[in-house]
Amino acid sequence: MLKKLLDRTHRGRTVSYIMVVVLYLIIEIMIHSGNLSSLFTSLLVPVCCYIVAAIGLNLNVGVSGELNLGQAGFMSVGAFTAVSISGYLAASVSNGPVRLIIAIIAGVMISAVFGLLIGIPVLKLEGDYLAIVTLAFGQIIKSIITNMYLGFDGNGFQFSFVDNNTKLAPGGKMLLNGPMGATGTAKISTFTAGVILILVSLIIVYHLMYSRSGRAIMAARDNRIAAESVGIDISRTKMLAFVVSASLAGAAGALYGLNYSTLVPAKFDFNTSILILVYVVLGGLGNMTGTIIATIILVLLPELLRSMQDYRMLIYAVVLILIMLLTNNENMKTRLRRLKNRFSGRGRKEGEVS
Amino acid sequence: MEFFSYLINGLGLGSVYAIIALGYTMVYGIAKMLNFAHGDVIMVGAYVVFFALSSFNLPLIPGVLLSVAVCTVLGITIERLAYKPLRQASSLSVLITAIGVSYFLQNAAQLLWSSSTKVFPAVFPSGSLELGSLSISYLTLITIATCVLVMVCLTLFINRTKTGRAMRACSEDKGASTLMGINVNRIISITFAIGSGLAAIASVLLCAAYPSVYPTLGAMPGIKAFTAAVFGGIGSIPGAFLGGLLLGVIEIFAKAYISTQLSDAIVFAVLIIVLLIKPSGLLGRRIREKV
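Taken in sequence, the protein lines are chains G and R. Position 37 (the first sequence) corresponds to 37 in the working numbering; numbering is contiguous. Position 19 (the second sequence) corresponds to 373 in the working numbering; numbering is contiguous.
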């Protein structure tokens with residue numbers, strides 16, 4: 001068993017599971033001993049949400065090789081589904097964790113349906129055109145949710161679009177309020193739930209990656225024509241990655257939505273999609289452990305730079321550009337490698353390929 | 355009559371999109387990258403014109419020329435510092451770098467000029483031209499005229515000059531162009547310079563129509579213009595022109611006849627439908643894949 005966990009194909013996943021669990025234990029200890037500032041405590045659940053969304057996006061961008069600029073759209077679908085379900089069930093299911101699980105499952109299912117519906121047209125396209133269509137869908141989802149009004153009272157649900165025509169009987173409750181989004185949500189997300197969600201998404205993604213379907217997805221990414229010629233159904237494999245990615249984004253959104261008492265649809269805009277993409281690219285395409293580390297660092301970076309006050313986002317931008325230059329420029333890469341050799345491999349000769 | 359006035363307004367808005375889209379499409383055609391920082395160059399251009407006009411009391415034309423100069427230099431600098439070292443890197447890394455540049459410009463603007471909205475002065479005569487029952491504002495006329503002028507000049511430049519020919523060669527095949535003695539790096543710099551200069555012109559037209567200047571001003575017009583470029587077939591200059599105009603007209607019609615709140619959704623839905631019917635845009639070339 002232990003040997004199996006440490007062999008070549010399993011080492012990567014074992015490392016990421018252990019890392020998540022260890023980090024969770026450290027943070028829990030810090031919370032209970034009172035060593036964590038309230039600012040960082042408030043960031044714990046959002047970090048978990050971004051990690052789950054980024055793992056999902058990495059499956060799409062890194063493993064399946066399709067650039068997706070609309071991940072926030074799926075988060076939005078998951079978030080507002082979960083918030084509505086939780087609001088509706090608030091009276092009948094009073095147990096927080098149970099309601100959270102129901103809400104997350106609902107968010108995942110609706111996001112998966114959206115992923116399937118959007119995937120059909122999107123995956124007919126290739127390259128940058130595919131990216132722009134995902135961007136377009138992200139914008140459409142945002143603009144539709146911004147115009148949705150949903151409420152319920154004793155007589156059942158009332159729904160209206162663009163203009164608010166809902167007339168609720170006394171005792172009724174608005175679940176979605178157009179541009180104002182959802183208000184008065186009970187905050188039932190917890191850090192533990194977030195970590196469990198991360199572990200579940202890791203298990204799903206790793207199992208997919210190292211299964212027959214996963215190998216088909218990667219084959220389709222590396223060479224579409226060759227993969228097609230050995231009998232891989234390209235649109236089916238791409239769709240699988242796309243829908244799983246959308247579902248994970250939905251789960252992330254659900255957790256995120258239930259962590260705040262108010263949530264506006266404008267939160268999940270193009271910038272959020274881009275932010276998640278940045279986590280994925282910096283963490284490494286197809287590398288889930290890297291994605292987790294990059295997400296944690298990049299969410300915390302602006303907070304750690306808080307002492308710099310106004311300059312922090314500027315520094316964030318500069319760091320982002322510098323990392324991309326350092327890791328992608330051939331010239332810089334060689335210099336870095338030489339520097340590394342000088343410090344580590346004393347016996348290694350200059351110019352030797354490591 | 356109402357229809358025609360919406361159409362003219364749409365063409366006016368579309369002209370602005372078209373000028374911005376030219377910047378996206380030229381850079382894509384030659385450097386094969388999505389320059390997400392282009393929208394923020396528009397924002398810088400708008401601030402420069404704003405300060406030139408309101409703080410230094412320059413007349414309009416020198417103000418615009420100053421803005422064009424600043425944006426051109428900015429475009430070349432961005433290309434040199436951020437994109438040139440990544441010529442061999444994957445397109446995704448370049449995309450993230452462009453996003454970094456975009457964040458940088460937005461936050462630098464916020465630091466330098468604060469995040470509060472500044473009111474752009476009225477630069478064009480406010481009246482309108484009356485044609486029977488149809489009235490067209492001078493601003494719309496100026497915008498459309500500028501766009502046509504830019505389009506004609508650019509087409510002549512691309513088709514008639516040596517540099518233009520070199521640009522077309524680079525977009526076809528960079529390796530072969532280098533062998534023919536074309537300095538590809540110089541051509542890419544020129545492309546960025548032209549695109550950024552056009553962004554400055556677009557910023558004046560944009561701010562004349564929507565007179566407020568703020569650090570994230572360029573984001574939405576940037577995304578719309580990028581959509582317009584894809585709509586027309588990214589990499590194609592007539593495509594950007596057509597895509598921009600169509601996008602503007604569709605947006606105004608959607609606002610007028612369907613719903614103001616849903617206009618963005620409608621614009622993007624039309625884009626998706628167009629791409630599904632013609633996967634490389636209206637005027638884009640379909641590159642056949644060889645086995």
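Cβ coordinates follow ideal geometry from the N, Cα and C atoms, glycine included. Just so it is clear, the structure is predicted and the values come from calculations on it, not from any experiment.
Discussion item. Going residue by residue through the segment 141-214 of chain G, where are the continuous alpha helix (DSSP H) segments of at least 4 residues, counting only ones entirely within it?
Written reply: 191-209
Worksheet item: Which term fits Pro416/R, buried or exposed, when burial requires 16 or more other beta carbons within 10 angstroms of its beta carbon?
Response: exposed
Worksheet item: Run through DSSP, which three-state label would Ser487/R get?
Response: coil
Fill in: Spatial distance of Phe355/G from Ser76/G (CA atoms)
Outside the shown range of chain G, which is 1 to 354, sits residue 355/G, and nothing can be said about it.
Discussion item. So if DSSP puts Lys472/R in a beta bridge, which residue, or which two residues, is it bridged to?
Written reply: Val567/R
Fill in: Within-8 Å CB hit, Tyr129/G to chain R
yes
Worksheet item: Under 8 Å Cβ-Cβ, which residues of chain R neighbour Gln139/G?
Response: Ile577, Asp618, Ala619 and Phe622
Worksheet item: Is Ser525/R helix, strand or coil when you go by DSSP?
Response: helix
Worksheet item: So is the beta-carbon of Ile118/G under 7 Å away from any non-hydrogen atom of the ligand COA?
Response: Inclusion of the ligand COA in the displayed structure is not the case, the ligand content being empty and no account of it being possible.
Fill in: Reduced DSSP secondary structure (H/G/I, E/B, other) of Leu263/G
strand
Worksheet entry | Nearest-angstrom beta carbon gap, Val584/R and Gly635/R [assumed within contact, 8 Å] | 6 Å
Practice prompt. At 7 Å on the CB atoms, spell out the chain G contacts of Gly454/R, in chain order.
Written response: Ala317, Leu320, Ile321 and Met324
Worksheet item: Quick one: Cα of Met380/R to Cα of Thr14/G, how far?
Response: 47 Å
Discussion item. For the alpha helix (DSSP H) containing Ile432/R, name the first residue and the last one.
Written reply: Leu414 to Ile432
Worksheet item: What runs of the alpha helix (DSSP H), each 4 residues or longer, lie entirely inside the segment 222-249 of chain G?
Response: 224-229
Practice prompt. With DSSP as the reference, label Ser482/R as helix, strand or coil.
Written response: strand
Practice prompt. Below 6 Å CB to CB, which residues in the same chain sit around Ala252/G once its five sequence neighbours on both sides are set aside?
Written response: Cys49, Val52, Ala53 and Met75
Worksheet item: Are Glu605/R and Gly454/R touching if we call contact CB-CB under 8 Å?
Response: no
Worksheet item: Would you call Gly34/G buried or exposed, if buried means 16 or more other Cβ atoms sit within 10 Å of its Cβ?
Response: exposed
Discussion item. Comparing C-alpha positions only, which one of Asn513/R, Val477/R and Leu419/R sits nearest to Thr497/R?
Written reply: Val477/R
Discussion item. I want to verify the contact list: residues of chain C whose CB lies under 7 Å from the CB of Ser613/R, in sequence order.
Written reply: Note that chain C does not occur in the displayed structure, where the protein chains are G and R.
Discussion item. Quick test of your reading: Lys238/G and Ala226/G, contact by CB under 8 Å. State the CB separation rounded to the nearest angstrom.
Written reply: With a Cβ gap of about 15 Å, Lys238/G and Ala226/G do not count as contacting.
Item to complete: Scan the segment 441-468 of chain R for residues whose Cβ lies nearer than 7 Å to a Cβ of chain G and list them as they occur along the chain.
Response: Gln442, Ala443, Leu446, Ser447, Ile450, Thr451, Ile453, Gly454, Val455, Tyr457, Phe458, Asn461, Ala462 and Leu465
Practice prompt. Using the Cα positions of Glu350/G and Gly250/G, report the straight-line distance between them to the nearest angstrom.
Written response: Residue confidence is low: Glu350/G scores 46 on pLDDT, short of 50, so the model does not pin down where it sits. No coordinate-derived value is stated.
Worksheet item: Do the segment 303-318 of chain G and the segment 458-471 of chain R make contact, defined as three or more Cβ pairs closer than 8 Å?
Response: yes
Fill in: Contact with chain G by Ser634/R, beta-carbon distance below 8 Å
yes
Item to complete: Say whether chain R places a C-beta atom closer than 8 Å to the C-beta of Met218/G.
Response: no
Practice prompt. Tell me where the alpha helix (DSSP H) around Phe114/G begins and ends.
Written response: Gly96 to Val122
Practice prompt. Helix, strand or coil for Ser273/G, going by three-state DSSP, please let me know.
Written response: helix
Worksheet item: How is the alpha helix (DSSP H) around Asp618/R delimited, first residue to last?
Response: Ser617 to Ile631
Worksheet item: For Gly399/R, which residues from the same chain have a beta carbon less than 6 Å from its beta carbon, with the 5 sequence-adjacent residues on both sides left out?
Response: Ser421, Cys425, Ala553, Ala554 and Ser557
Discussion item. Please report the distance separating the alpha-carbon of Leu208/G from that of Gly65/G.
Written reply: 15 Å
Worksheet item: Is there contact here, the segment 369-380 of chain R with the segment 591-598 of chain R, by at least three beta-carbon pairs under 8 Å?
Response: yes
Item to complete: Quick one: residues in its chain with C-beta nearer than 7 Å to the C-beta of Glu356/R, no 5 flanking neighbours on either side, listed in chain order?
Response: none
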